[in-house]
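Okay, structure first, notes after.
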Amino acid sequence: MIKITHLTKTYQVNNQPLLALDNISMLIEDKSITGIIGMSGAGKSTLLRVLSGLVSPDSGGVLIDGMAIMDMDAKELRSLRKRIGVVFQGYQLLMQKNVFKNIAFPLEIAGYDKEYIHNRVHQLVDLVGLSGKELQYPAKLSGGQMQRVAIARAMATNPSILLCDEPTSALDSVTTKEIMKLLVEINQKENVTIIIVTHEVGIVRSICHHVIVLDEGKIEEEGLVSNVFTNPKAQITKLLLGKEY
Ligand SMILES: Nc1ncnc2c1ncn2[C@@H]1O[C@H](COP(=O)(O)OP(=O)(O)OP(=O)(O)O)[C@@H](O)[C@H]1O
Ligand SMILES: [Mg+2]
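With this note's numbering, the residue at position 130 of the sequence shown is 288, and numbering never jumps.
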């Protein structure tokens, strides 16, 4: 379980404080798929960055499986990073490395031996449906295929949590559906807890169990997708759901 308590994060912009996360508390159940929605600037990416340990909050706590990330030393943080996979909108692949090498990269950094890496990369290529493409370079792949590589790379160290920041915003609607199907498969087969930041409410409706609605750094509404989307209470949720409300 991920337990977030009273999380705040301020950025300094032109010497002025900007409150990006304002007293965020929430619980995320193991093996669930949670969608985080909100307008641009709501704090969604900041929240994911704090969860992944990339950005430290001003105050508040994040407990992952009972361990507080703020109290971790460098070694514990490194081992935590192996348990959290991250996927971004822009794929962030290494363009000078082929598919195999991109996926192998986190395993090489973690110090696994060649044979393990070889076997694990083949499992991952299979998992994301890219068998036969191991030697291709990213420049020759479609956006959907690049995102599959990014997902395989994020899953390389067998994380228990997969954080996805707008994973499909650069993709067409058919490819988006394929990537969502892949994430559901990964959630079920690999028992991974998934958190997806998106501005596409359709994605949340089709694959998420829970939804969190952020606005100006605050949680405005949260709950089961089936409840929140059929009976939205906050004005911002109604706005995000668009013409349906
Ligand atoms: N590194 C930074 N330095 C200063 N301000 C930042 C930084 N990162 C984000 N912000 C500000 O914090 C607020 C929240 O940003 P964040 O990127 O978390 O929003 P978001 O919900 O992900 O938006 P989007 O949907 O556009 O990606 C915004 O006002 C943004 O300008
Ligand atoms: Mg963002």
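For each residue, glycine too, the CB sits at the ideal point set by N, CA and C.
Rounding to the nearest angstrom, what Cα-Cα distance links residue i and residue j in this structure?
i	j	result
I309	G243	8 Å
N260	E343	22 Å
V283	V307	8 Å
V213	I227	11 Å
E273	P317	20 Å
E379	K347	30 Å
Q393	R241	36 Å
I353	K233	25 Å
L265	N345	21 Å
V386	R311	33 Å
S217	I337	35 Å
G301	V220	33 Å
T333	V362	16 Å
N389	L252	44 Å
E187	L382	12 Å
V369	N172	33 Å
Q247	N256	19 Å
D330	H276	32 Å
M313	Q303	15 Å
Is any non-hydrogen atom of ligand 1 found closer than 7 Å to the C-beta of residue i, if you look at the structure I gave you?
i	result
V369	no
L321	no
Y249	no
L176	yes
G193	no
G196	yes
V171	yes
G199	yes
Let me check you understand the geometry: is the CB of residue i closer than 7 Å to at least one non-hydrogen atom of ligand 2?
i	result
D180	no
S214	no
S203	yes
V362	no
What is the C-beta distance between residue i and residue j, in whole angstroms, given that I count them as a contact (C-beta under 8 Å)?
i	j	result
E179	L206	Sequence check: residue 179 is Leu here, not Glu. Contact doesn't hold; Cβ gap of about 11 Å is too wide.
T356	V371	Going by Cβ atoms, the distance from T356 to V371 rounds to 12 Å, so no, they are not a contact pair.
V350	L320	5 Å
P215	T163	So it is not a contact: roughly 11 Å between Cβ atoms.
V132	A268	As shown, the chain starts at 159 and ends at 403. That puts residue 132 outside it, with no answer to give.
L399	V359	6 Å
H340	V286	It should be noted that the sequence gives Leu, not His, for residue 340. So it is a contact: roughly 6 Å between Cβ atoms.
I377	I182	6 Å
What would DSSP say about residue i, mapped onto helix, strand or coil?
i	result
T388	helix
K298	helix
K255	coil
M230	coil
A268	coil
Say the cut is 7 Å; is the CB of residue i nearer than that to a heavy atom of ligand 3?
i	result
H357	With respect to small molecules bound, the structure shown includes ligand 1 and ligand 2 and not ligand 3.
ask   = Are the region 288–297 and the region 317–332 touching, with three or more C-beta to C-beta distances below 8 Å?
value = Result no; under three Cβ-Cβ pairs closer than 8 Å.
message = Measuring CB atoms only, is the region 277–292 touching the region 217–231, in the sense that at least three cross pairs come out at less than 8 Å?
response = Verdict: no, contact absent.
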